[in-house]
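There are 2 protein chains.
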Amino acid sequence: MSEHKVISFDNIKVACRNCSLTSLCLPMGLTPEDVDLLDAIVKRNRPLHRGDHLFRQGDKFQCIYVVKTGTVKTFDPGEDGSEQVLGFHLPGEMIGLDAIETGIHHCSAKILETTAVCEIPFTLLEELSSTIPSLQHQMYRLLSREIGHDEDMLTLLGKRNAEERLASFLLSLSGRFQRRGFSPSDFYLSMSRHEIGNYLGLAVETVSRLFTRFQDDGLLKVERKHVQLVDIERLKQIQRGDQAGVREQQVT
Amino acid sequence: MSEHKVISFDNIKVACRNCSLTSLCLPMGLTPEDVDLLDAIVKRNRPLHRGDHLFRQGDKFQCIYVVKTGTVKTFDPGEDGSEQVLGFHLPGEMIGLDAIETGIHHCSAKILETTAVCEIPFTLLEELSSTIPSLQHQMYRLLSREIGHDEDMLTLLGKRNAEERLASFLLSLSGRFQRRGFSPSDFYLSMSRHEIGNYLGLAVETVSRLFTRFQDDGLLKVERKHVQLVDIERLKQIQRGDQAGVREQQVT
DNA sequence: AGATTGCTTTGCTCTGGATCAAGTTACTTT
DNA sequence: AAAGTAACTTGATCCAGAGCAAAGCAATCT
């Protein structure tokens with residue numbers, strides 16, 4: 003019964019230069035000719051479905067992936083199966099950069115909702131980047147950004163409490179949606195409470211309780227996967243640990 | 003009274019090709035000629051002293067640094083001064099990769115003990131790397147390694163308990179010392195208990211207590227900064243959460 | 001030598017979140 | 001529609017590790 007009748011992406015001949023993600027994943031300063039060269043090595047595949055693996059830890063590293071639509075989660079499965087979620091990847095975000103060093107995928111990547119990805123053979127990308135300085139530059143920037151982002155996460159896990167972590171998480175999503183032209187205050191979560199907790203180093207129950215509490219305090223509205231951020235300012239205060247946090251006591 | 007009479011490194015004309023760190027920081031597959039080119043852009047400075055800043059968060063990013071001798075700690079000072087230690091860098095390790103993206107240093111770097119560093123102007127390195135494919139490749143690998151390492155830290159902070167974290171930390175140092183030709187089981191800590199705790203997301207007191215407990219259990223000997231790992235095997239068990247942990251109960 | 005300062009250790013108490021244990025609600029499948 | 005299953009919520013309890021306070025020790029200064 004694969005009569006899914008999904009929109010086939012095969013016939014969509016949108017080159018990189020026309021891709022709506024250009025400003026997110028492509029180097030600024032590439033000439034149209036350069037973009038065509040890059041475009042030529044990018045493979046566009048049929049959409050993947052929830053639960054599919056983009057790759058698994060231990061797989062040979064061949065390609066860098068860029069999310070076009072949908073969401074992908076990356077995680078370290080752990081010897082004993084005690085999965086650690088490493089990230090949730092939205093359209094325009096790259097996946098697989100941690101595999102360059104060893105040539106073996108260091109984490110696994112799983113589709114959270116119907117997703118289309120671009121696939122870029124790394125060897126070709128690398129060759130191309132040595133002939134196009136601005137592409138090389140962009141690659142360095144992307145890798146560097148990833149490092150910076152991971153460092154932010156280290157601070158989150160090392161220093162922030164549960165409230166601050168969830169607030170940060172929601173604000174991060176909010177900002178990323180906004181940059182993609184979606185509402186920063188009204189969106190759907192494509193990951194489960196369990197996955198959020200895992201990502202933030204919290205138990206599912208804690209995440210659930212915090213959602214309830216944030217809602218009771220008028221910071222947001224949640225219903226299942228649907229979130230509406232009502233008071234972003236106060237969420238930002240919580241994020242930076244601005245004392246008082248939720249349950250703002252009336253300061254006399 | 004700058005009559006420090008420190009060993010001047012100015013007259014040490016050790017080129018990269020002769021540097022003992024070659025296998026750690028230089029690309030495999032660079033021809034001797036390539037190494038000379040790289041060598042030409044590397045600046046070698048006089049040693050820095052405990053407490054000196056290599057750079058501060060917010061500084062303009064100009065150079066990548068490589069530790070030659072000594073130890074450097076990187077950290078995010080945090081708005082409110084609630085420092086988060088991001089890493090301890092031993093000889094052969096690179097610093098500053100997270101600044102490429104924005105051109106502004108994302109974290110600060112401080113010297114923990116008298117340290118010599120090589121300074122590589124990034125713009126020159128970047129240019130050079132586009133003419134030497136194997137150098138470019140090595141740069142990608144180094145950046146990727148950093149990402150992989152940060153991801154490992156995320157798992158450490160997100161999933162491991164205090165014992166597992168300290169064991170991991172000690173084993174990481176042990177391995178890195180070994181690769182540099184030093185004893186893997188007998189070394190000095192150049193960072194304080196406070197800094198270790200901060201790095202591992204633990205309170206100083208917890209770190210101190212764990213050292214005591216590990217010692218009581220015959221895993222290691224500590225005296226101030228001096229550590230001797232006595233039972234590395236058991237430390238590895240603890241690291242991977244191999245149940246029983248310390249206080250191995252007699253299993254009848 | 002004695003005093004000052006800054007780590008580090010140790011004991012005691014407290015708490016944020018984990019864990020355990022039921023429910024509850026929403027999808028799927030039949 | 002009923003039944004099953006997976007995700008989520010909520011309540012109750014517990015505990016690893018934080019925080020506080022007070023020594024203990026080294027290293028430096030006077």
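Sequences listed follow chains A and B, in order.
Residues in the first sequence are numbered consecutively from 3, following my numbering.
Residues in the second sequence are numbered consecutively from 3, following my numbering.
Note that the Cβ used here is the ideal one computed from N, Cα and C, for glycine as well.
Does the stretch 55-63 of chain B come into contact with the stretch 96-108 of chain B, if we say contact requires no fewer than three beta-carbon pairs (one atom in each stretch) closer than 8 Å? yes
Does ALA101 of chain A come out as helix, strand or coil in the three-state DSSP assignment? helix
Below 7 Å on C-beta distance, what does GLY150 of chain A contact in chain B? Listed by position along chain B, the residues whose Cβ is nearer than 7 Å to that of GLY150 of chain A are ASP100, GLU103 and HIS108.
Using 8 Å as the limit for Cβ to Cβ distance, is LYS161 of chain B near chain A? yes
Using a Cβ cut-off of 9 Å, which residues of the stretch 121-149 of chain B contact any Cβ in chain A, in chain order? The residues in question are PHE124, GLU128, GLU129, SER131, SER132, THR133, ILE134, PRO135, GLN138, HIS139, MET141, TYR142, ARG143, LEU144, LEU145, SER146, ARG147, GLU148 and ILE149.
Should THR157 of chain A be flagged as near chain B, meaning a C-beta pair shorter than 8 Å? yes
Alpha carbon to alpha carbon, how far is ILE113 of chain A from HIS51 of chain A? Give it in angstroms, no decimals. 6 Å
List the residues of chain B whose Cβ lies closer than 9 Å to the Cβ of ARG242 of chain A, in chain order. Those are GLU81 and ASP82, listed as they occur along chain B.
What does the alpha-carbon distance come out to for the pair LEU39 of chain B and PHE90 of chain B? 29 Å
Run through the DSSP bridge pairs and tell me what ARG46 of chain B is partnered with. For ARG46 of chain B, which the question treats as bridged, DSSP gives the partners B:CYS120.
Could you confirm whether any beta carbon from chain B is found closer than 8 Å to the beta carbon of ASP78 of chain A? So, interface residue.
Give the DSSP bridge partners of VAL232 of chain B, in chain order. Bridge partners of VAL232 of chain B: none, in fact.
Against chain A, with Cβ distances strictly below 8 Å, would GLY203 of chain B count as a contact? yes
Cross-chain neighbours of GLN86 of chain A in chain B, by beta carbon under 8 Å: LEU156, THR157, GLY160 and LYS161
On a CA-only basis, which of A:ARG242, A:PHE124, A:LEU56 and A:THR125 is nearest LEU168 of chain A? Give me that one, please. A:ARG242
State the DSSP-derived secondary structure class of GLY193 of chain A, mapped to helix, strand or coil. Sequence inspection shows Met at residue 193 of chain A; the Gly mentioned does not correspond to that position. MET193 of chain A: coil per DSSP, three-state reduction.
Flag this pair as touching only if the stretch 123-130 of chain B and the stretch 81-97 of chain B have three or more C-beta atom pairs under 8 Å; answer yes or no. Result no; under three Cβ-Cβ pairs closer than 8 Å.
Is the shortest distance between the beta-carbon of GLU1 of chain B and the beta-carbons of chain A less than 8 Å? The structure shown has nothing for residue 1 of chain B, since chain B only spans 3 to 254.
Look at the alpha carbon of LEU222 of chain A and the alpha carbon of VAL229 of chain A, and state the distance between them as a whole number of angstroms. Roughly 7 Å between the two C-alpha positions.
Local Cβ density within 10 Å of GLN140 of chain B, reported as buried at 16 or more and exposed below that: buried
Under a three-way DSSP split, which group does GLN241 of chain A fall into? helix
Considering only heavy atoms of the ligand FMN, does any lie closer than 7 Å to the CB of ILE43 of chain A? Within the structure as shown, the ligand FMN is missing, as the structure has no ligands at all.
At 8 Å on the CB atoms, spell out the chain A contacts of THR153 of chain B, in chain order. Reading the sequence as shown, one finds Glu at residue 153 of chain B and not Thr. Those are ASP78, LEU88, ASP100, HIS108, CYS109 and ASP152, listed as they occur along chain A.
So, are the CB atoms of LEU173 of chain B and LEU92 of chain B less than 8 Å apart? no
Report buried or exposed for ASN200 of chain B, applying the criterion of at least 16 other Cβ atoms within 10 angstroms of its Cβ. In the assembly as shown, ASN200 of chain B is a buried residue. Its beta-carbon has 16 or more other beta-carbons within 10 Å.
DSSP state of LEU126 of chain B mapped onto helix, strand, coil: helix
So with Cβ pairs under 8 Å, would you call LEU237 of chain A a contact of chain B? No, because no Cβ of chain B sits closer than 8 Å to the Cβ of LEU237 of chain A.
Find out if the Cβ-Cβ distance for the pair LEU202 of chain A, PHE171 of chain A is shorter than 8 Å. yes
Evaluate ARG178 of chain A with the Cβ neighbour count: other Cβ atoms within 10 Å of its Cβ, from every protein chain shown; 16 or more gives buried, anything less gives exposed. buried
Taking DSSP as the reference, what is the three-state secondary structure of ALA205 of chain B? coil
Just to confirm before moving on: does the CB-CB distance between GLU148 of chain A and ILE149 of chain B stay below 8 Å? yes
What first and last residue would you give for the beta strand (DSSP E) that runs through ILE66 of chain A? Counted as a single uninterrupted DSSP element, the beta strand (DSSP E) harbouring ILE66 of chain A occupies residues 65-78.
So the alpha helix (DSSP H) LEU175 of chain A belongs to, where does it begin and stop? 164-181
Between the C-alpha atoms of GLU207 of chain B and SER185 of chain A, what's the straight-line distance to the nearest angstrom? 45 Å
Assuming ARG226 of chain B contacts SER210 of chain B under a Cβ cut-off of 8 Å, what Cβ separation, rounded to an integer in Å, is found between them? The C-beta separation of ARG226 of chain B from SER210 of chain B comes to about 11 Å, leaving the pair out of contact by the 8 Å criterion.
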